[in-house]
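Have a look at the structure below before the remarks.
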Amino acid sequence: MGCALLDSLDQLVELQDLDSRLARFREELGKIPVRRQTGAERRARGDEELEVAQKALADCETRQRQAEANLQDREAMLLQLEGKQHQVKSNEAYTALLAEMEQTRGLISEVETVLLEGMEEIESARGELSQVEERISAERDNLDADEKVLAKSEKDLEASIEGLEKDRVGVCGNLGGDVLSVYQRVLKRRQPALVLVTEELCTGCRVGIPAQDFIEILTAERLVTCMNCNRILLHPDKLRAEGA
Ligand SMILES: [Zn+2]
Numbered sequence: 003m004g005c006a007l008l009d010s011l012d013q014l015v016e017l018q019d020l021d022s023r024l025a026r027f028r029e030e031l032g033k034i035p036v037r038r039q040t041g042a043e044r045r046a047r048g049d050e051e052l053e054v055a056q057k058a059l060a061d062c063e064t065r066q067r068q069a070e071a072n073l074q075d076r077e078a079m080l081l082q083l084e085g086k087q088h089q090v091k092s093n094e095a096y097t098a099l100l101a102e103m104e105q106t107r108g109l110i111s112e113v114e115t116v117l118l119e120g121m122e123e124i125e126s127a128r129g130e131l132s133q134v135e136e137r138i139s140a141e142r143d144n145l146d147a148d149e150k151v152l153a154k155s156e157k158d159l160e161a162s163i164e165g166l167e168k169d170r171v172g173v174c175g176n177l178g179g180d181v182l183s184v185y186q187r188v189l190k191r192r193q194p195a196l197v198l199v200t201e202e203l204c205t206g207c208r209v210g211i212p213a214q215d216f217i218e219i220l221t222a223e224r225l226v227t228c229m230n231c232n233r234i235l236l237h238p239d240k241l242r243a244e245g246a
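Everything in the sequence shown is counted per this note's numbering, starting at 3 for the first residue and increasing by one.
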């Protein structure tokens with residue numbers, strides 16, 4: 003009888019160890035989708051930044067093309083006005099024509115200024131875009147590397163969990179049904195479910211253990227639970243040297 007319970011205690015310690023590792027691995031596995039989501043958000047922000055920089059350059063180029071077309075129109079207009087110089091019949095008409103030509107030259111000079119500024123804008127937009135491209139490309143490389151690491155740890159964690167679950171089935175099969183059901187019941191409310199006894203205290207809740215219970219823990223006649231926190235109590239001497 004006592005010997006069977008001692009075996010069970012060792013198995014219980016093993017089961018608890020498996021459960022705590024399983025819980026840790028499952029928690030880590032659970033964090034992976036969140037980390038993946040964070041990566042996807044960073045990627046989307048990078049794409050957006052790139053689009054903004056591309057659009058800024060495209061807008062500058064559109065404005066420049068409009069200014070160039072505008073310049074051509076005004077130059078054509080000036081040519082036309084110049085062509086009329088020898089056709090005008092009166093001084094008044096000639097004066098008016100000269101004024102119109104002067105005004106057109108003024109407009110041409112304005113557009114030329116706009117074009118020069120536009121060239122500077124395009125250059126700075128190109129510089130900005132290539133900086134963003136460089137940064138985003140490095141960021142994408144990082145994100146790809148992160149994803150590889152994530153995929154690998156996901157795979158590793160799933161394999162570990164699968165292995166531990168198999169081990170758990172084995173340990174549960176070796177445990178007596180009563181011991182297992184006590185463990186499962188305690189585990190639902192207290193973690194860890196299994197604690198060591200030191201100096202006649204439950205290390206789970208630090209409450210003293212009644213003398214009769216302590217004797218029963220030492221003799222390992224039955225599974226003793228803490229009357230305060232309900233955890234299963236184990237004496238270190240009752241465990242096989244290694245596991246403890
Ligand atoms: Zn306790």
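Here a beta-carbon is modelled for each residue, glycine too, at the ideal position from N, C-alpha and C.
All values reported here derive from a predicted model rather than from experimental measurement.
ask   = Any heavy atom of ligand 1 closer than 8 Å to the Cβ of Arg233?
value = yes
ask   = Is the Cβ-Cβ distance between Val197 and Leu236 less than 9 Å?
value = yes
query = Are Ile124 and Glu63 touching if we call contact CB-CB under 9 Å?
reply = Contact: yes.
task = Report yes if the C-beta of Val36 is less than 8 Å from at least one heavy atom of ligand 1; otherwise report no.
result = no
message = Using the three-state DSSP reduction, which class does Gly178 fall into: helix, strand or coil?
response = coil
query = Hey, would you say the C-beta of Val226 is under 8 Å away from at least one heavy atom of ligand 1?
reply = For ligand 1, not one heavy atom lies less than 8 Å from the Cβ of Val226.
query = Sorted by chain position, which residues of the same chain lie with C-beta nearer than 6 Å to Asp21's C-beta, five sequence neighbours on each side aside?
reply = none
Spatial neighbours of Glu141 in its chain, beta-carbon cut-off 6 Å, leaving aside the 5 residues before and after = Gly48
message = Give me the residue from Asp9, Leu7, Leu8 and Leu17 with the minimum Cα distance to Gln186.
response = The residue among Asp9, Leu7, Leu8 and Leu17 with its C-alpha nearest the C-alpha of Gln186 is Leu17.
request  = With hydrogens ignored, establish whether the beta-carbon of Val197 is closer than 8 Å to any heavy atom of ligand 1.
outcome  = yes
inquiry  = Quick check on DSSP: helix, strand or coil for Ile211?
reply    = coil
key: Alpha carbon of Leu99 to alpha carbon of Glu135, nearest angstrom   = 52 Å
inquiry  = Quick check: what's the CA-CA separation for Ser139 versus Gln133?
reply    = Cα to Cα, the separation comes out at about 10 Å.
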